[in-house]
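Taking it in order: structure first as structure tokens, then the write-up.
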Amino acid sequence: MSKTVQYAIRALLYVHNQNNADVRILSVHEIADNIGSPKPFTAKILQTLTKKHILGSSKGPGGGFFSNELTGQATLYDIIGFHEGEDYHATCILGLPQCSDSKPCPIHFQYKLHRCKLNDMFKDNTIQQLADELSQGKDQFQLL
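This note's numbering numbers the first residue of the sequence shown as 57 and each following residue consecutively.
Rendered as structure tokens:
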């Protein structure tokens with residue numbers, strides 16, 4: 057998984073957790089500092105998530121990003137697709153453009169099996185579910 061996707065997931069988890077009780081507008085600087093991502097890179101990721109309506113944003117002094125009704129519903133599958141492209145979920149692991157069931161690469165069918173399982177897992181996990189598990193201490197995890 058690319059750094060972009062990893063930072064996007066961490067940013068969503070951070071913003072969502074900070075907006076649990078009340079809507080809190082968070083600056084790019086605060087989000088970047090708390091997820092360990094460079095500020096310009098974080099800004100680009102947050103803009104993509106805002107364009108996809110997964111985050112809300114406000115402009116001007118005191119502006120920033122906040123969780124909205126879609127943030128918690130976003131799946132890992134959605135987030136990967138936003139940043140890697142929709143074809144990411146079905147592309148050849150070797151990057152061969154002609155690879156398909158009828159013209160498979162050497163590991164096409166092995167990878168297809170695992171890719172389908174991964175895609176199912178990505179579709180079954182939402183930001184809300186991950187945030188809940190993290191806040192319940194099921195994982196000894198911190199964003200940094």
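Ideal placement from N, C-alpha and C gives every residue a C-beta, glycine not left out.
Euclidean distance between Cα positions of residue i and residue j
{"i": "I101", "j": "P94", "result": "11 Å"}
{"i": "L69", "j": "M57", "result": "17 Å"}
{"i": "N41", "j": "Q103", "result": "In the structure as shown, the chain begins at 57 and stops at 200. Residue 41 is therefore absent and cannot be evaluated."}
{"i": "D176", "j": "Q192", "result": "24 Å"}
{"i": "I163", "j": "Y133", "result": "23 Å"}
{"i": "D188", "j": "L105", "result": "21 Å"}
For residue i, the nearest candidate out of the options (CA to CA)
{"i": "K107", "options": "C148, H85, H139 and N90", "result": "H139"}
{"i": "C148", "options": "G141, P160, G137 and E142", "result": "P160"}
{"i": "A88", "options": "I163, T60, A130 and N181", "result": "T60"}
{"i": "T131", "options": "T182, I65 and N75", "result": "T182"}
{"i": "E86", "options": "Y167, F122, Y144 and Q166", "result": "F122"}
DSSP three-state assignment for residue i, whether helix, strand or coil
{"i": "G128", "result": "coil"}
{"i": "T147", "result": "coil"}
{"i": "G118", "result": "coil"}
{"i": "L82", "result": "strand"}
{"i": "G112", "result": "strand"}
Expected contact under 8 Å - CB spacing of residue i and residue j to nearest Å
{"i": "Q184", "j": "G128", "result": "3 Å"}
{"i": "T98", "j": "A67", "result": "6 Å"}
CB of residue i within 8 Å of CB of residue j, strictly
{"i": "I136", "j": "L126", "result": "no"}
{"i": "S83", "j": "G120", "result": "yes"}
{"i": "I81", "j": "G118", "result": "yes"}
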